[in-house]
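Presented below is the structure to which this report refers.
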Amino acid sequence: MLRAVDRTFPRYFGQVRLKAFQTRFSASGYGDVAEGFGGVLVRPEFFDDAVSDIPPILWAVDDVWISGHLTRRGIPIWVEMAGARISNIGDMNETFALYRAELDGARRDDANRACVDYMREPYGIWGGKAAQST
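Start counting the sequence shown at 276; every next residue gets the next number (the working numbering).
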């Protein structure tokens with residue numbers, strides 16, 4: 276399993292920390308979340324109609340939403356970042372930081388948690404009830 280140095284999204288989203296990030300990956304591998312800052316390559320057949328039925332505020336956390344649908348369909352998330360480094364871009368990173376955004380009255384970390392909880396209940400992924408009962 277791929278591990279990101281910053282641990283912004285620990286496995287099963289036990290805690291989401293807000294901070295400016297600099298992520299380093301020592302090798303390519305499978306991850307839990309396809310984060311779009313580095314680009315995401317998908318095929319239309321990876322998704323069904325459920326991916327378009329987005330509840331309020333969860334539209335704001337598309338990385339978690341898309342990753343949940345990939346996971347529930349059994350499509351592994353491969354991160355091809357061997358030796359790559361993703362970092363902030365000067366002062367603009369903090370000035371317009373998306374992780375600090377409040378959208379429709381919800382902070383981003385709250386929306387991330389809500390999305391994870393939403394995915395756990397019906398699909399049993401990321402430590403959800405169905406996953407624990409098998």
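Even for Gly, the Cβ is constructed at its ideal location relative to N, Cα and C. This one's a predicted model, so the numbers in the text were calculated from it and none came from an experiment.
Does residue i come out as helix, strand or coil in the three-state DSSP assignment?
i	result
LEU333	helix
TRP401	coil
ALA389	helix
GLN297	Low confidence applies to GLN297: its pLDDT is 48, below 50, so where it sits in the model is not reliable, and the reading given next is rough at best. Strand at GLN297.
GLY306	strand
ARG383	helix
LEU345	helix
GLU320	helix
Given this structure, state the Cα-to-Cα distance separating residue i from residue j, to the nearest angstrom.
i	j	result
LEU316	ASP307	15 Å
PHE296	ARG383	In this prediction, PHE296 scores a pLDDT of 44, lower than 50, which makes its location untrustworthy; the coordinate-derived value is nonetheless stated afterwards. Distance between the alpha carbons of PHE296 and ARG383 is about 15 Å.
ALA302	VAL326	29 Å
THR346	ALA381	25 Å
GLY304	ILE350	14 Å
ILE400	ALA309	15 Å
VAL336	ARG375	12 Å
May I ask which residues mark the beginning and end of the beta strand (DSSP E) holding residue i?
i	result
VAL354	352 to 354
Could you check whether residue j and residue i sit closer than 8 Å to each other, using their CB atoms as the reference points?
i	j	result
LEU378	ALA389	no
VAL391	VAL354	no
GLU396	GLY403	yes
GLY343	MET394	yes
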